[in-house]
Every structure is written in C-alpha cells, then in structure tokens.
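Asker: In the numbering used here, the protein residues as written are 4 to 171.
So, in structure tokens, the structure goes:
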C-alpha cells in the first residue's frame, strides 16, 4: 500500500470505505454506529484542501483506507481513520497513522491524539498496541474536552470512550 494525499475524485470512495468499515459494529450491538453516515463530501473536501486527508491505495491507485486529522492543542488529532474490510489486517491503518505522525513532526506537533471506543477490539486495544496511551480526564486539553463534548452531544457516550495520545 502506498499513502498519498486524497484527490477530489477519491472523496466518494472514502464515503464507501467508511460505510463498509462501519458495518462490523452491527455485530457488536452498536447498530447506530454501523449505520452512521460518513462525513459529507464538503467536510472531506475541507480536509483535502487543508492537506490533512490521506489515502492508502492499492497497486491500481484505488483507495483502501483513509485518514483525516486536525491540529488540536499542539497535537495532530486523528478525526477518522477507516480501512475497508477487504484490506483489513494488512497494516493499512498502521501505515496511515505512521504517515500522519510524519506529517505532524514536520508541522512541529508533539503527539497524535484520537478518541475511540474502549471495548471495540479494533479501536482502543488496537491503538494501545501502536503506542497510544489513554488520557485521564484531568489530562485532557481544552481542544480534546471540546471534541469529547461534541461526541457526547452526538450520543457516542452510550458506549465507553477514551481519549488516547501517542507522543512523537
């Protein structure tokens, strides 16, 4: 897999990847997450124009996964990373996160952060294996507190969630 910036033509494919990547949540009793709509095209386009939307592509240059991120309080916050199930367990997510870390270092940022479900095997346990550590509530920056508040307002706190950080 090769990582490259997303193109405008990739954006509808990223929505398809998001839908496919969400489907396994249904089997965990999280149908609301499985059925959640992907980011709108205009949202993905804002990330793309900002230079913070990357895709992992196969040999035919077809996206198999993507990552979007925002700078938040001196770190690069991973807003979303999704891999199509047919490309799962091949290091695609790890490669996207490594690419984001390289970008963050070039920007002078000190860490990667993300929020995720604690009890989903391909969420918090996966990120922990990649060097992310849970943040205690008291350690959350103002930006991370705002992100968590938005998530709670959208009903994501129905399932246990955590903020995690990986220093660069």
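Glycine included, every Cβ here is placed at the ideal spot set by N, Cα and C.
Across the stretch 40–54 and the stretch 126–140, are there enough close Cβ pairs to call them in contact, namely three or more that are closer than 8 Å?
Answerer: no
Asker: Would a C-beta distance cut-off of 8 Å place residue 164 and residue 119 closer than the cut-off?
Answerer: yes
Asker: At what residues does the alpha helix (DSSP H) containing residue 146 begin and finish?
Answerer: 145–156
Asker: Check whether the stretch 24–36 and the stretch 44–58 are in contact - that is, three or more C-beta pairs closer than 8 Å.
Answerer: Taking 8 Å as the limit for Cβ pairs, the verdict is that the stretch 44–58 does not touch the stretch 24–36.
Asker: My output table needs one value for residue 120: the three-state DSSP class, helix, strand or coil.
Answerer: strand
Asker: Would you kindly report the start and end of the unbroken beta strand (DSSP E) that includes residue 73?
Answerer: 66–75
Asker: Taking the DSSP output, what are the residues bridged to residue 162?
Answerer: According to DSSP, which records beta bridges pairwise, residue 162 is partnered with nothing at all.
Asker: Would you mind working out which of 92, 79 and 98 sits nearest residue 166, comparing C-alpha positions?
Answerer: 79
Asker: Going by Cα to Cα distance, which pick from 123, 161, 141 and 105 is closest to residue 169?
Answerer: 105
Asker: Do you know whose CA, among 88, 83 and 65, lies nearest residue 100's CA?
Answerer: 83
Asker: Over the uninterrupted alpha helix (DSSP H) stretch that includes residue 21, give me the two end residues.
Answerer: 14–25
Asker: Going by C-alpha distance, which of 68, 171 and 18 is nearest residue 110?
Answerer: 171
Asker: List the whole-angstrom C-beta distance separating residue 87 from residue 68, where the pair is believed to meet the contact cut-off of C-beta under 8 Å.
Answerer: The C-beta separation of residue 87 from residue 68 comes to about 6 Å, placing the pair in contact by the 8 Å criterion.
Asker: Nearest to residue 159 by CA position, among 34, 8 and 9, is which residue?
Answerer: 34
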